[in-house]
Amino acid sequence: MKIGTLLNLEVKDTVTKAAIKYRSKVIEKNEHYLFIDYPVNEKTRKTAFLAKGTLLMVVFAGDDQAIYQFPSKITAKVKLNVPALAIKLPDKSKLKRIQRREFVRINAAVDAAIYSPKSDFLPFVTVTSDISGGGMSVIVPKGNTLQIGQTIDVWLSLPTHSKKQKYVYSQAEIVFIKEASSSAVTASLKFVSISRQNQQHIISFCFQKQRELRMKELS
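Under the UniProt record's numbering, the first residue of the sequence shown is numbered 1, with each subsequent residue one higher.
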């Protein structure tokens with residue numbers, strides 16, 4: 001895990017047992033610990049002051065762009081260039097891959113419509129930043145909020161050779177949210193309920209785009 005890696009943190013409320021979600025970033029590391037900046041609550045956008053000993057689940061995107069998670073806890077408050085928290089690095093046995101990348105994944109802007117089956121938010125339209133047969137990342141427009149663990153309905157408009165649009169539906173789960181001050185918020189989604197036919201349409205689209213890219217590189 002590199003310095004600068006964005007983290008999603010999940011902490012259980014000691015009273016309600018509800019999961020509270022935060023965002024943070026790795027600002028330093030050594031062989032045994034990660035040093036992270038003070039987390040920001042996803043809902044309130046306020047800085048949280050978590051106590052030493054707080055148990056948490058850490059979720060991050062690896063160098064291979066797969067999503068990983070591991071349990072950890074806050075072991076100390078430290079002062080670097082800025083105030084920071086120390087959390088233990090996981091044993092390899094505790095590091096769990098929660099999003100597979102066995103499908104060809106390409107960077108592509110595909111029109112997408114996002115709905116909440118529970119009406120947790122108003123529907124909105126956006127575009128993907130990457131896509132595969134197993135999931136995709138979408139840009140979250142300003143004014144819209146998604147949360148890790150939410151199940152959403154997704155409609156995609158895939159371009160075809162005939163220049164017609166093929167509409168593909170899937171239910172998806174939000175597995176990671178990335179927010180950087182210099183760029184838009186993106187959400188990584190895993191398809192959890194998709195027909196074989198619709199998945200094949202996406203895979204075919206990805207292979208076609210990959211072939212087009214290779215042809216451009218050769219020309």
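We treat Cβ as the ideally placed atom computed from N, Cα and C, and that holds for glycine.
Quick caveat, the model's predicted, so the values are computed rather than measured.
Whole angstroms are fine: how far does the CA of residue j sit from the CA of residue i?
i	j	result
residue 207	residue 16	47 Å
residue 191	residue 135	5 Å
residue 174	residue 25	19 Å
residue 216	residue 106	15 Å
residue 132	residue 189	10 Å
residue 164	residue 111	13 Å
residue 48	residue 30	24 Å
residue 71	residue 141	30 Å
residue 117	residue 144	16 Å
residue 104	residue 166	19 Å
residue 196	residue 172	15 Å
residue 78	residue 32	15 Å
residue 80	residue 18	32 Å
residue 211	residue 14	52 Å
residue 130	residue 213	14 Å
residue 179	residue 151	20 Å
residue 12	residue 63	28 Å
residue 69	residue 205	30 Å
residue 209	residue 40	38 Å
Would the C-beta of residue i count as close to the ligand GDP, meaning under 8 Å from any of its heavy atoms?
i	result
residue 22	With respect to the ligand GDP, the structure shown offers nothing to examine, as it has no ligands at all.
If the criterion is Cβ atoms closer than 9 Å, does the pair residue i and residue j meet it?
i	j	result
residue 3	residue 10	no
residue 61	residue 5	yes
residue 128	residue 113	no
residue 139	residue 76	no
residue 170	residue 194	yes
residue 28	residue 177	no
residue 22	residue 84	no
residue 89	residue 1	yes
residue 7	residue 59	yes
residue 36	residue 54	no
residue 154	residue 115	yes
residue 45	residue 67	no
For my contact list, residue i and residue j are in at a C-beta cut-off of 8 Å; report their separation, rounded to the angstrom.
i	j	result
residue 34	residue 87	5 Å
residue 186	residue 137	5 Å
Which residue spans inside the region 71-101 form an unbroken beta strand (DSSP E) run of at least 3?
83-88, 96-99
Can you list the beta strand (DSSP E) stretches of 3 or more residues lying completely in the region 119-177, in chain order?
124-131, 135-140, 151-159
Taking 8 Å as the cut-off, does the region 82-97 touch the region 123-132 (at least 3 CB pairs, one atom from each stretch)?
no
Using a Cβ distance threshold of 8 Å, determine whether the region 155-162 contacts the region 196-215, with at least three qualifying pairs required.
Here the region 155-162 makes contact with the region 196-215; the two share three or more CB pairs at distances below 8 Å.
Could you name each continuous beta strand (DSSP E) segment of 3 residues or more that falls completely within the region 20-63, going from the start of the chain to the end?
Runs of the beta strand (DSSP E) lying entirely within the region 20-63, each at least 3 residues long, are 33-37, 55-61 in chain order.
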